[in-house]
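The next block holds one structure in the form of structure tokens; read it before the comments.
2 protein chains.
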Amino acid sequence: MSISSLHAEYSSNLMPVPAEIKNLEGKFVLGSDFPVAVEGATSEALEKAVFRSLRRLEHRTGLVFGRAPAGGDVYVEDAAAAKLVIVAKKASPDLPVLGEDESYFLSVSESGIRIESETTTGAQRALQTVFQLLDSDQENWFFSALEINDSPRFAWRGLMLDPCRHWQPIEVIKRNLDGMALVKMNVLHLHLSDDQGFRVESKVHPKLHELGSDGNYYTQTEIKEIIDYAAERGIRVVPEFDIPGHASSWVVGYPELASGPGPYYIERKWGVFDPTLDPTNEKVYEFLDTLFEEMTGVFPDPYFHIGGDENNGNQWSANERIQKFVKENDLEDNHGLQAYFNRRLNEILSKYNRKLVGWDEILHPDIPQSAIIQSWRGAEGLAAAAKAGHNVILSNGYYIDLIHPAKDHYLNDPLPEGHGLSEEEQARVLGGEATMWAEWVSPETIDSRVWPRTAAIAERLWSSGSVKDVDDMYRRLDYISNRLSDIGLLHDANQDLLVDRYAGDRASAESKEAIHELLTMIEPVKGYERSRQQPLMNQYIPLTGLADAARPDSRLSRQFDNAVDAVIAGDKELSSLSQFLGTFSEIASKLESAASELGPRSTEILALSKQIKELSILGTSLVSGDKSGLSKSEVETQLTELSTPVAAVDIPAVKAVEKLYAHLNK
Amino acid sequence: MSISSLHAEYSSNLMPVPAEIKNLEGKFVLGSDFPVAVEGATSEALEKAVFRSLRRLEHRTGLVFGRAPAGGDVYVEDAAAAKLVIVAKKASPDLPVLGEDESYFLSVSESGIRIESETTTGAQRALQTVFQLLDSDQENWFFSALEINDSPRFAWRGLMLDPCRHWQPIEVIKRNLDGMALVKMNVLHLHLSDDQGFRVESKVHPKLHELGSDGNYYTQTEIKEIIDYAAERGIRVVPEFDIPGHASSWVVGYPELASGPGPYYIERKWGVFDPTLDPTNEKVYEFLDTLFEEMTGVFPDPYFHIGGDENNGNQWSANERIQKFVKENDLEDNHGLQAYFNRRLNEILSKYNRKLVGWDEILHPDIPQSAIIQSWRGAEGLAAAAKAGHNVILSNGYYIDLIHPAKDHYLNDPLPEGHGLSEEEQARVLGGEATMWAEWVSPETIDSRVWPRTAAIAERLWSSGSVKDVDDMYRRLDYISNRLSDIGLLHDANQDLLVDRYAGDRASAESKEAIHELLTMIEPVKGYERSRQQPLMNQYIPLTGLADAARPDSRLSRQFDNAVDAVIAGDKELSSLSQFLGTFSEIASKLESAASELGPRSTEILALSKQIKELSILGTSLVSGDKSGLSKSEVETQLTELSTPVAAVDIPAVKAVEKLYAHLNK
């Protein structure tokens with residue numbers, strides 16, 4: 018991605034924005050002589066982080082740093098002889114813990130880089146900042162002199178990945194952990210079971226993964242590898258086993274755990290399904306006790322997520338025995354029954370020293386205050402849970418699977434203005450998590466759904482609440498997107514791959530370029546619309562179309578939308594929009610020429626080309642003041658037609674023209 | 018990659034070329050109704066192959082095939098109701114075996130696709146052909162009607178990967194196995210130990226991987242995963258443990274096995290090093306016996322590679338005890354001592370029912386005839402070994418790490434004209450292996466070194482020896498390159514990534530495009546030249562420069578070279594070269610403009626720009642007949658200067674201009 022707007026100081030490109038930054042005169046020029054001194058505390062994780070940092074600097078610059086005789090990096094005892102000095106007061110534990118001190122001080126002077134921190138984890142956060150600060154001019158790679166004091170606003174800054182709906186191999190997890198570390202996130206939440214798959218090896222109940230995963234699961238060795246990889250980056254791993262609903266994959270192998278008669282099969286579609294564990298069956302608790310005993314041995318983090326969302330209650334309501342149990346135990350209704358189930362889970366997890374985490378459906382007067390609530394259904398849920406004494410994590414507003422623009426997530430604050438929480442209640446808001454539900458992502462497209470938008474969420478959770486300039490966020494998002502590519506994220510590279518495949522063998526370079534230009538002005542349909550656009554949904558349908566190559570934030574559309582806003586605000590002339598409308602028209606023409614090379618794809622490309630051309634004509638007539646004889650209702654009809662998605666993509670510029678039209682006709 | 022030359026029949030694009038092909042009238046139109054019938058024998062591997070084939074067709078076309086009620090693919094009993102019919106006579110064993118019948122018959126008619134084969138492996142080979150045959154017009158995806166009869170020329174068609182010099186995670190291995198299957202290769206040779214790393218977990222001798230790998234090794238579970246993944250694609254896995262030389266990583270943990278005093282460390286550089294196992298020490302054989310017992314349990318293939326190459330003998334010569342042993346046992350010299358060592362290894366491997374394979378250094382009168390020789394040092398080695406009664410595998414001429422063009426490998430036949438071998442000796446030539454030594458490849462660049470060139474080697478080993486039209490091979494290589502990208506190889510996608518990183522944040526789209534154009538006319542330096550160009554070599558230096566983004570076959574250079582050949586042959590006018598020279602000049606100008614955005618990279622970009630501009634001027638003066646007053650020696654001096662690599666890349670067009678100059682001055 019090329020970057021158009023350059024600031025003089027690279028420090029202004031950092032994401033997340035640090036708490037305090039002071040730019041100084043001068044710079045440290047990076048050369049092949051780059052010895053390191055680690056004073057004070059160290060840890061294996063820090064040593065590996067230094068190794069990675071040096072490799073990354075070499076990879077970006079092409080410089081080859083000096084090496085010690087046996088081939089390793091050059092470490093020196095004397096800080097005065099070093100160009101990178103790290104002074105951590107104490108070594109962080111091997112496994113990161115919630116609330117650890119992650120603060121750091123970073124200074125760059127002409128003689129080198131110095132990091133000071135309370136913990137080795139803090140020093141690792143600083144190294145990510147260093148990587149982002151690397152700058153160059155025609156002659157040199159360098160770091161501008163500065164001082165940074167930094168620390169996070171929230172302690173829980175997470176990303177949830179869902180390998181259930183679409184399997185995500187371990188390399189996907191690892192590269193996303195690298196992305197998380199780059200933007201200082203510290204919790205990976207793995208959603209490990211759902212109707213569409215049970216994704217972790219269980220030696221105690223092997224039919225879970227053997228019959229519930231199509232062979233696509235993480236072995237316990239791989240889980241250890243993921244946990245180690247995360248821990249080395251100062252990231253905790255919280256597992257989720259989603260029950261009692263979303264349990265189809267569990268009951269394929271163990272139908273006796275369900276609340277209705279089987280047989281069951283792995284669910285291939287998306288939605289809310291009936292198979293639900295039976296909370297009145299003592300065997301279910303024995304099963305969960307032994308499973309959780311095993312899984313708490315595999316996942317060392319003190320937090321353990323039991324899901325609890327979207328239990329439709331169909332099997333419970335249809336089962337007389339279960340309804341009798343509800344009455345006999347004064348549980349009131351199915352919600353009460355689920356609270357009973359959760360209390361039982363909490364007892365089991367307490368035995369294994371785990372704190373129960375669940376989606377906000379678990380909130381109920383009967384659930385112990387020690388349970389952590391992850392809020393996804395609305396901002397009220399978060400406040401209600403915090404007031405009820407629970408620690409809470411915000412995910413409502415961070416549902417990155419819904420393809421909303423980065424801006425929407427960025428402005429979604431866990432503690433928004435007027436939140437009405439007391440200081441004590443505010444302290445219960447631990448942070449937030451971006452949730453990457455995987456109904457519509459493959460290993461090939463997932464990076465472009467997670468990144469770079471998740472960097473905006475990471476900033477919301479790390480930086481001060483007062484940092485909320487949307488334009489500046491988008492400007493910086495371009496830099497962080499490049500850094501993410503530098504370290505192995507495939508959000509950019511795989512778009513090229515998708516376009517090449519989509520275009521096919523007969524497409525010329527020009528035709529592929531036309532598709533790339535189209536991608537700057539379309540976006541995948543938002544929210545849950547894609548399931549309506551592509552009703553033939555199934556775990557194995559192709560995710561290789563335009564909607565998969567398109568991004569949640571399309572650049573040209575955003576620029577046009579900003580320009581329309583400027584016109585409406587009176588900051589720009591109406592005529593300033595003509596250039597955009599001309600570009601739209603050109604893109605439409607290029608697509609029309611490309612179509613003949615695109616095989617059966619030509620149908621949707623021509624339909625989009627037509628929509629864009631019409632939009633350009635309509636916009637131009639609005640800008641020129643010539644309505645071409647179209648009545649208000651005709652314009653409105655046309656706008657509605659242009660809003661009808663083709664190939665499961667939207668043209669956001671239609672909304673901008675609509676806005677312009679409303680402004681001109683008010 | 019866009020493809021310029023289209024043939025009417027997609028069947029003419031196949032790689033490898035099938036033994037017999039008959040194009041027929043009509044076509045089978047692919048729609049969402051695509052039921053499958055598997056008649057006769059089946060296997061889990063075939064079922065998975067059908068599943069993959071259906072997914073791949075969906076991924077390329079965007080079609081969604083019908084699904085059975087539980088979400089799986091639609092299988093029918095009645096072949097008449099199916100659109101893909103597979104009839105294999107017998108199920109192949111779970112583990113592929115050397116010499117299995119891989120032949121198949123494939124027919125496409127208007128009613129569908131039919132595959133017949135002796136074995137389920139043969140049917141899998143046919144499915145790869147089907148994937149390559151998918152064609153489209155403006156309206157439809159289709160398969161042209163035809164009949165193919167196909168079978169391989171050689172039984173051993175391999176690719177060697179080297180995860181020692183640069184670690185290659187399991188996903189690299191897997192995607193390359195997919196590429197191998199696409200072009201019908203059937204042996205993955207894993208070079209698992211070398212001076213720079215011991216890459217497999219040993220539970221019996223754990224210090225091998227614990228101290229010899231920096232933590233980068235395949236667990237035994239992962240090895241099983243690789244073997245299963247390969248076996249499902251009809252590919253055998255042959256492990257190599259390279260001894261007695263190349264043993265630095267072994268003796269880090271077990272210095273007592275070496276022929277000289279330690280301590281030892283993991284080697285970070287490239288070359289031939291001293292650490293060598295001690296063949297006079299009985300403890301060495303005990304160690305190897307227990308290791309091989311373990312490893313033959315992990316690797317089930319009957320062939321077991323013990324390396325044996327590049328033992329420099331330094332430690333043996335310097336060790337009096339060892340030299341005494343040579344004398345006392347009438348072993349003549351170090352080579353005789355190595356033959357003694359290999360005989361001992363052969364005895365151990367025989368216990369575990371393994372056939373010993375080794376590089377051609379192991380050839381010696383004392384080595385048993387049952388040993389298989391892998392020839393790498395010259396064509397003579399292959400013939401000599403075959404004449405000595407050994408089965409042989411050709412790798413000389415298939416060293417893809419040396420960055421020679423696909424053409425060179427393609428024309429390298431295991432049984433070249435005038436080979437002088439008897440029929441019996443010819444039968445001992447099992448096939449060949451492309452060898453991807455990993456001194457200069459990272460997981461990010463390896464695909465572009467292996468692919469698409471290895472497809473040309475795969476064709477050499479599968480297709481008739483009479484198939485050797487180089488131009489047609491290059492034409493078809495473009496198609497197979499696209500298919501490789503379709504299935505997940507990253508040779509194309511990662512070039513974009515490398516260029517983006519190389520160009521950096523300040524580069525405009527035009528500047529990046531200029532670098533892409535440069536890449537069509539440069540190639541990484543060939544042979545062992547890179548080590549001379551970049552003497553600061555080390556396992557961890559960056560492989561992110563121009564030489565890493567460039568390809569072994571640069572398109573524009575090849576086209577220019579062909580044009581020069583046509584001029585020399587008298588088939589074209591001299592003036593036909595002007596267009597190329599003009600393009601060169603344009604590329605040079607674009608690079609010059611780009612330089613200001615490229616930071617410190619600008620130095621090498623400007624140097625290359627200058628070389629290309631000078632080449633264009635020189636070529637233009639030759640074409641116009643105007644030598645601009647340059648004397649013969651001045652021209653020759655200039656050509657020599659232009660041949661001096663910048664940034665470890667060559668401009669192959671310089672050689673073509675040199676050729677033209679020689680022609681014009683003869």
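Listed in order, the protein sequences are those of chains A and B.
Counting along the first sequence from 1, when you hit position 235 you're at 252 in my numbering, and nothing is skipped either side.
Counting along the second sequence from 1, when you hit position 412 you're at 429 in my numbering, and nothing is skipped either side.
The C-beta atom is built at its ideal place from N, Cα and C for all residues, glycine as well.
Using a Cβ-Cβ cut-off of less than 7 Å, give me the residues of the region 507-521 of chain A that come near chain B, in sequence order. For the region 507-521 of chain A, which is checked against every Cβ of chain B, the residues closer than 7 Å are Asp509, Ala510, Asn511, Asp513, Leu514, Asp517, Arg518 and Gly521.
Against Leu553(A), what residues of chain B qualify as contacts under a CB-to-CB distance less than 7 Å, listed in chain order? Against Leu553(A), the close residues of chain B are Val81, in the order they occur along the chain (beta-carbon pairs closer than 7 Å).
Starting from the Cα of Tyr357(B), find the closest Cα among Lys372(B), Arg371(B) and Ile339(B) and give me that residue. Tyr357(B) has its Cα closest to that of Ile339(B), out of Lys372(B), Arg371(B) and Ile339(B).
Quick check: what's the CA-CA separation for Ala140(B) versus Leu560(A)? Counting only the Cα atoms, Leu560(A) lies some 27 Å from Ala140(B).
CB contact below 8 Å: Gly88(A) versus chain B: Output row for Gly88(A): interface = yes.
Can you name the residues that DSSP bridges to Tyr235(A)? Secondary-structure assignment with DSSP links Tyr235(A) through a beta bridge to Val217(A).
By a C-beta neighbour count over all protein chains shown, 10 Å radius and 16 as the cutoff for buried, is Gln355(A) buried or exposed? Buried is the call here.
Using a Cβ cut-off of 8 Å (strictly closer), state whether Gly616(A) contacts chain B. Chain B contact via Cβ: present.
Bridge partners of Trp158(A), per DSSP? In DSSP, Trp158(A) forms a bridge with Leu47(A) and Ser153(A).
In the DSSP assignment, find the alpha helix (DSSP H) that holds Ser126(B) and state where it starts and stops. First-last for Ser126(B): Tyr121 to Ser126, but that is the beta strand (DSSP E), not the alpha helix (DSSP H).
Identity of the residue in Ser60(A), Phe215(A), Val221(A) and Pro469(A) nearest Ala264(A) by Cα: Looking from the CA of Ala264(A), the closest CA among Ser60(A), Phe215(A), Val221(A) and Pro469(A) belongs to Phe215(A).
Per DSSP, what kind of secondary structure is Gly353(B) in: helix, strand or coil? In the three-state reduction of the DSSP assignment, Gly353(B) falls in the helix class.
Over what stretch of residues does the beta strand (DSSP E) that includes Trp173(B) continue unbroken? Residue range Trp173 to Leu178 is occupied by the beta strand (DSSP E) that includes Trp173(B).
Rounded Cβ spacing between Gln7(A) and Gln213(A) (contact assumed at less than 8 Å): Since the displayed chain A opens at 18 and closes at 683, residue 7(A) lies outside it and no answer follows.
Quick one: using the 10 Å Cβ neighbour count with 16 as the cut-off for buried, is Thr12(B) buried or exposed? Any question about residue 12(B) goes unanswered here, given that chain B covers just 18 to 683.
Inter-residue CB distance, Arg360(B) and Ile384(B) (contact presumed, cutoff 8 Å): Their Cβ separation, rounded to whole angstroms, is 7 Å, which keeps Arg360(B) and Ile384(B) in contact under 8 Å.
Measure from the alpha carbon of Arg77(A) to the alpha carbon of each residue in Ala87(A), Ala62(A), Gln149(A) and Ala54(A), then state which is nearest. The option with the nearest alpha carbon to Arg77(A) is Gln149(A).
Going by beta-carbon coordinates alone, are Leu506(B) and Trp468(B) separated by less than 8 Å? Taking the C-beta atoms as reference points, Trp468(B) is found nearer than 8 Å to Leu506(B).
Which partner residues does Gln688(A) have in the DSSP bridge list? The shown model of chain A, from 18 to 683, leaves out residue 688(A), and the question about it has no answer.
Measuring alpha carbon to alpha carbon, tell me which of Asn157(A), Ser276(A), Leu515(A) and Ser60(A) ends up nearest Gly48(A). Ranking Asn157(A), Ser276(A), Leu515(A) and Ser60(A) by Cα distance to Gly48(A) puts Asn157(A) first.
Give every residue of the same chain whose Cβ lies closer than 7 Å to the Cβ of Pro319(B), excluding the five residues on either side of it in the sequence, and list them in chain order. Non-local C-beta neighbours of Pro319(B) in its own chain, meaning closer than 7 Å and more than five positions away in sequence, comprise Asn370, Arg371 and Lys372, ordered along the chain.
What did DSSP end up calling Ala198(A) once you bin it into helix, strand or coil? Note: Ala198(A) maps to helix in three-state DSSP.
Does the region 611-624 of chain B come into contact with the region 637-652 of chain B, if we say contact requires no fewer than three beta-carbon pairs (one atom in each stretch) closer than 8 Å? By the Cβ test, the region 611-624 of chain B is not in contact with the region 637-652 of chain B, since fewer than three Cβ pairs between them sit closer than 8 Å.
Pick from Ala423(A), Ser480(A) and Ala451(A): whose alpha carbon is nearest that of Ser488(A)? A small fix is needed here, since residue 488(A) is Asp in this sequence, not Ser. Taking only the C-alpha atoms, the option nearest Asp488(A) is Ala423(A).
What ranges does the alpha helix (DSSP H) occupy inside the region 72-109 of chain B, keeping only unbroken runs of at least 4 residues that lie completely in it? Correct list: empty.
When you compare the CB positions of Val542(A) and Ala564(A), do they come within less than 8 Å of one another, or not? Their beta carbons are under 8 Å apart, which means Val542(A) touches Ala564(A) by this criterion.
Should the region 105-112 of chain A be regarded as contacting the region 26-35 of chain A, the criterion being three or more beta carbon pairs within less than 8 Å? The region 105-112 of chain A, when compared against the region 26-35 of chain A, does not touch it at the 8 Å Cβ threshold.
Using 10 angstroms around the beta-carbon of Ala670(B), count the other beta-carbons present and answer buried if the total reaches 16, otherwise exposed. In summary, Ala670(B) is buried, with 16 or more beta-carbon neighbours lying within 10 Å of its beta-carbon over all protein chains present.
Measure the beta-carbon distance from Asp503(B) to Arg477(A) and round it to whole angstroms, keeping in mind my assumption that it falls under 8 Å. The Cβ separation is near 38 Å, so there is no contact.
Among the residues of its own chain, which have a CB less than 6 Å from the CB of His352(A), if the five just before and after it don't count? Correct list: empty, nothing qualifies.
Taking only the alpha-carbon atoms, compute the straight-line gap between Ser660(A) and Gln550(A) and give it to the nearest angstrom. C-alpha separation (whole angstroms): 13 Å.
Less than 6 Å between C-beta atoms, sequence neighbours within five positions excluded: which residues of the same chain meet that for Glu651(A)? Hits under 6 Å: none found.
Strictly by DSSP, which residues pair up with Ala451(A)? Bridge partners of Ala451(A) according to DSSP: Leu176(A).
Evaluate the contact criterion for the region 82-101 of chain A versus the region 114-121 of chain A: three or more CB pairs, one atom per stretch, below 8 Å. No: the two stretches stay apart, fewer than three of their Cβ pairs being nearer than 8 Å.
Three-state secondary structure (DSSP) at Leu41(A)? Here Leu41(A) carries a strand assignment [DSSP, helix/strand/coil].
When Ser219(B), Ala62(B) and Asn331(B) are compared against Met312(B), the one with the closest alpha-carbon: The residue from Ser219(B), Ala62(B) and Asn331(B) with its alpha-carbon nearest to that of Met312(B) is Ser219(B).
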